[in-house]
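Okay, so here's the structure we're looking at.
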Amino acid sequence: MSTLIAIVYPTEAKAEEVRQRLFEMQKEYLIKVGDAVIATKTEGGKIKLNQLVNTTVAGAASGSFWGLLIGVLFLNPLLGVAVGAASGAIGGALTDVGINDAFMKDLAANLEPGNGALFVLIQEMTADKVLKEISAHGGVVLKTSLDETKEQVLRDALQKATAAS
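Each residue of the sequence shown is one higher than the one before, counting from 1 in the UniProt record's numbering.
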């Protein structure tokens, strides 16, 4: 079962700093991140999602490879690459992995311009060590799928860090 946590930071740079720290902790086997997206709101009110994987580009690259392979088999590699890239890009654009984009945009609509909301889908974690690391960065909990007691522990830890700075 995955856990969703959304934390608002004063800037997109701070949210990115925390996301990079989560990836470092993943290398230390303290957490297994399924997805980590940063949402920001522009001055014009538009919501921007900074995702890890651009599924359209990944789909196009994959489609190009398979199209080339099929094209070589049928003696027309250039046509195979073009058709493969186009179909891969379309398939990638239609694929939504990780956290639902519409859900993130709805929650991010409440952000102040300039804030960064870090959405993290956690598959596994050593909670006490991860919490200690991310609480040092402060932030405000926007939404979680944690039970109420664990959510309160997270809120308290982040609040202490925010008050100390």
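Beta carbons: idealized from backbone N, C-alpha and C, even for Gly.
#1: If you reduce the DSSP assignment to three classes, tell me which class I7 lands in.
#2: F23 to V33, Cα distance in whole Å?
#3: In the structure shown, what three-state DSSP assignment does A117 receive?
#4: Is it true that the CB of L30 sits closer than 8 angstroms to the CB of T126?
#5: Starting from D35, follow the beta strand (DSSP E) in both directions and report where the run begins and ends.
#6: Nearest-angstrom Cα distance between S145 and F103?
#7: Tell me where the alpha helix (DSSP H) around I134 begins and ends.
#8: Can you tell me whether L146 is helix, strand or coil according to DSSP?
On the basis of the coordinates in this document:
#1: I7 falls in the strand class under three-state DSSP.
#2: 8 angstroms
#3: strand
#4: yes
#5: I31 to K41
#6: 13 angstroms
#7: Under the DSSP assignment, I134 falls in the alpha helix (DSSP H) whose first and last residues are A127 to S135.
#8: coil
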